[in-house]
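Counting in my numbering, the first sequence runs from 208 upward without gaps. For every residue, glycine included, the Cβ atom is placed at its ideal position computed from N, Cα and C.
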Amino acid sequence: MLWCASVGWYAFSDMGNKKNGIITDPDAINKILRRGVAVDALPSWGALYGVLTSGKRLRIYTGADPTADTLHLSHAKNFMLLEELRGLGHEVILLVGDFTARIGDPTGRGEARKQLTQKEVKENVKKWLLQIRPLMKFDDKKNPPKVLYNSAWLSRLSFQEALSLASNFTVQQMLERDMFRRRVYGEWRCKKCNYPNAFEQNILDRTAQSQECQKCHQKFLKNEIVSSGDGGNKRPIYLHEFLYPLMQGYDSVAMDVDIELCGRDQTFNALAGRTLMRRLKDKEKYILVANLMENPKTGELMSKSRGTGVFLSASPGEMYGAIMAQPDEMIETLFINCTRIPLEEKDGIMRMGPRNAKARVAREIVKVFYGEKKAQEAEAGFTQLFSRKDYTGDLPEIRVAPGSTVADVVLQTHKVPSRSEARRLAAAGAIKLDEEALSDIAQKMPVRAGAVLRIGKKHIYRVK
RNA sequence: GCGUGGGUGGUAGAGCGGUCAAAUACACCGCGCUGUAGACGCGGCGCCCUUUGGGCUACGGGGGUUCGAAUCCCUCCCCACGCACCA
208 MLWCASVGWY AFSDMGNKKN GIITDPDAIN KILRRGVAVD ALPSWGALYG
258 VLTSGKRLRI YTGADPTADT LHLSHAKNFM LLEELRGLGH EVILLVGDFT
308 ARIGDPTGRG EARKQLTQKE VKENVKKWLL QIRPLMKFDD KKNPPKVLYN
358 SAWLSRLSFQ EALSLASNFT VQQMLERDMF RRRVYGEWRC KKCNYPNAFE
408 QNILDRTAQS QECQKCHQKF LKNEIVSSGD GGNKRPIYLH EFLYPLMQGY
458 DSVAMDVDIE LCGRDQTFNA LAGRTLMRRL KDKEKYILVA NLMENPKTGE
508 LMSKSRGTGV FLSASPGEMY GAIMAQPDEM IETLFINCTR IPLEEKDGIM
558 RMGPRNAKAR VAREIVKVFY GEKKAQEAEA GFTQLFSRKD YTGDLPEIRV
608 APGSTVADVV LQTHKVPSRS EARRLAAAGA IKLDEEALSD IAQKMPVRAG
658 AVLRIGKKHI YRVK
């Protein structure tokens with residue numbers, strides 16, 4: 208206790224003389240916070256600016272659960288922001304939610320997550336760090352980012368301690384979350400804007416006249432409500448899901464952080480941490496809320512199943528292509544979140560037209576991960592290959608073993624999941640050797656060194 | 001613990017003894033058109049095969065009835081709602 212107090216004092220005494228190397232220049236701070244990546248601050252912007260300009264060296268963290276072995280752009284933009292805060296001289300922590308990953312955040316589908324083994328988590332994290340390397344200076348001598356694992360403290364909590372944590376919250380507080388409300392009461396989609404409102408059925412019956420859509424404020428009239436599915440699509444809430452915010456909240460306490468950087472969907476969990484911090488440590492924790500990079504038109508997030516994910520494990524060419532495949536509405540979002548081109552240039556770039564603006568952003572993002580040269584190559588390759596359909600350049604090579612059939616070669620790429628699928632593609636004319644469709648997968652693959660094999664529109668190979 | 005209704009493909013959701021590898025919609029894939037965008041049009045969307053056909057595996061798990069079951073019966077598991085209970 209005494210030790211903590213004295214540290215606090217020294218930090219305080221450093222104010223003004225900049226000996227601790229903390230940048231408190233409002234312009235520098237503004238540049239980071241006003242770009243548009245951060246959308247909210249809790250308890251308030253003023254309070255957050257207050258600590259950031261106090262001169263105190265702050266401990267700032269952002270977390271991610273290692274449920275998959277690859278990160279995508281929406282992770283990247285958080286790490287980029289974190290890195291900028293580190294640039295101000297603050298201590299930053301990348302928290303790996305190896306413990307929470309095993310429980311599952313209720314934010315998702317609400318489905319039980321598959322249990323990850325310790326080994327799988329380790330493997331995932333190893334790959335992560337490689338993917339994040341270009342975004343954060345891990346080899347910085349003075350102030351390197353730290354990587355911590357929340358199993359270090361969460362797995363050691365006793366049941367008694369967990370209960371004690373739980374006693375800081377009420378079920379009502381948990382139920383404030385829209386996401387839980389919808390699962391309890393069912394979803395009532397607004398006919399106008401399709402927003403899934405959560406009202407209790409009998410309240411609706413009684414006071415339908417006075418209820419309005421939480422999003423577009425359209426008044427609901429009785430019988431004018433669309434429920435999604437029977438009973439309004441009610442779904443179970445498991446008890447442990449209520450505990451998730453507690454765990455994430457306790458992370459803040461265990462690390463004794465000053466600021467948590469989180470995505471907007473994590474606000475509730477971050478606030479739980481704020482509560483615990485105040486109760487357990489009598490300390491104010493601030494929250495910097497980042498946007499989710501949702502499609503401004505549809506509200507959709509990038510998703511693997513929709514084919515709109517941009518994975519950090521992608522090669523320069525793949526990454527460039529994945530960004531070009533984003534909907535046009537995402538250009539500005541990508542510009543703000545994933546590049547650091549000065550904001551003043553935004554309008555000019557947007558005026559170049561969707562195709563060119565997107566290309567510019569794509570090049571810039573690839574540059575962040577792979578450097579200028581690779582980015583230019585990716586762009587040149589893309590233009591040549593897909594815009595001009597010129598296949599004379601470098602292509603991934605594919606070896607055709609003597610006697611192999613078209614099916615053998617196609618499956619060899621691992622881009623086609625089954626023989627049946629290959630058959631369908633062939634029948635649809637999607638498999639082409641030097642622009643000649645191979646519609647029969649059982650036929651022998653013509654042996655023609657240097658020929659171009661295309662499978663669908665995205666996979667192009669040179670026959671070796 | 002009681003009662004009622006349910007558990008079907010990536011999702012929602014039809015089917016309720018053969019004509020079901022399973023309607024429809026969304027998602028996804030391909031072709032066309034393009035800017036590897038969007039919109040639109042057409043096609044596809046379990047796996048395997050010597051493919052206008054055949055085989056195998058699937059409708060929560062297991063067992064049964066039947067010539068034949070996603071469909072009927074038994075049993076187990078799970079979910080929602082209601083009732084009861086609530087230290």
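Where residue 660 is concerned, the enclosing beta strand (DSSP E) starts and stops at 659-662. Annotation for residue 298: the continuous beta strand (DSSP E) segment containing it runs 298-303.
In the same chain as residue 291, and ignoring 5 residues on each side of it, the C-beta atoms closer than 8 Å to its own belong to 239, in chain order. In the three-state reduction of the DSSP assignment, residue 501 falls in the coil class. In terms of CA proximity to residue 508, 470 leads the group 470, 489, 474 and 523.
Boundaries of the alpha helix (DSSP H) around residue 256: 252-259.
Between residue 332 and residue 299, the CB-CB gap reaches or exceeds 8 Å. Put simply, the stretch 471-483 does not touch the stretch 519-536. Fewer than three CB pairs are less than 8 Å apart. Taking all protein chains shown into account, residue 326 has fewer than 16 neighbouring C-beta atoms within 10 Å of its C-beta and is therefore exposed. With respect to residue 546, residue 500 sits apart: the two C-beta atoms are not nearer than 8 Å. When rounded, the separation of the alpha-carbon atoms in residue 274 and residue 656 is 42 Å. Contact between residue 296 and residue 236 does not hold, since the beta-carbon distance rounds to 11 Å and is not under 8 Å. Within the same chain, 523 come within 7 Å of residue 577 by CB-CB distance, once the 5 residues on both sides are set aside. Using a Cβ distance threshold of 8 Å, residue 307 and residue 455 count as a contacting pair. In the three-state DSSP reduction, residue 268 falls in the strand class (E or B). Straight-line measurement puts the Cα of residue 518 at about 19 Å from the Cα of residue 623. The C-alpha of residue 280 is placed about 29 Å away from the C-alpha of residue 447. Rounded to whole angstroms, residue 328 and residue 642 show a C-alpha spacing of 44 Å.
Around the Cβ of residue 366, a 10 Å sphere holds fewer than 16 other Cβ atoms; the residue is exposed. Bounds of the alpha helix (DSSP H) holding residue 562 are 561-589. The residue from 284, 293, 491 and 573 with its alpha-carbon nearest to that of residue 271 is 284.
Between residue 465 and residue 602, the C-beta spacing is not below 8 Å. Nearest in C-alpha terms to residue 613, of all of 253, 580 and 637, is 637. The DSSP assignment places complete beta strand (DSSP E) segments of no fewer than 3 residues inside the stretch 321-403 at 353-356, in order along the chain. The beta carbon of residue 390 sits closer than 6 Å to those of 442 and 444, all from its chain and outside the five residues before and after it, given in chain order. Assigned with DSSP and collapsed to three states, residue 666 falls in strand.
The beta carbon of residue 487 sits closer than 7 Å to those of 460, all from its chain and outside the five residues before and after it, given in chain order.
Between residue 294 and residue 543, the C-beta spacing is not below 8 Å. Between the stretch 528-539 and the stretch 553-565, the count of Cβ pairs shorter than 8 Å is three or higher; the stretches touch. With fewer than 16 neighbouring CB atoms inside 10 Å of its own CB, residue 250 falls in the exposed class. Proximity to residue 267 across 632, 581, 633 and 495 peaks at 495, based on C-alpha coordinates.
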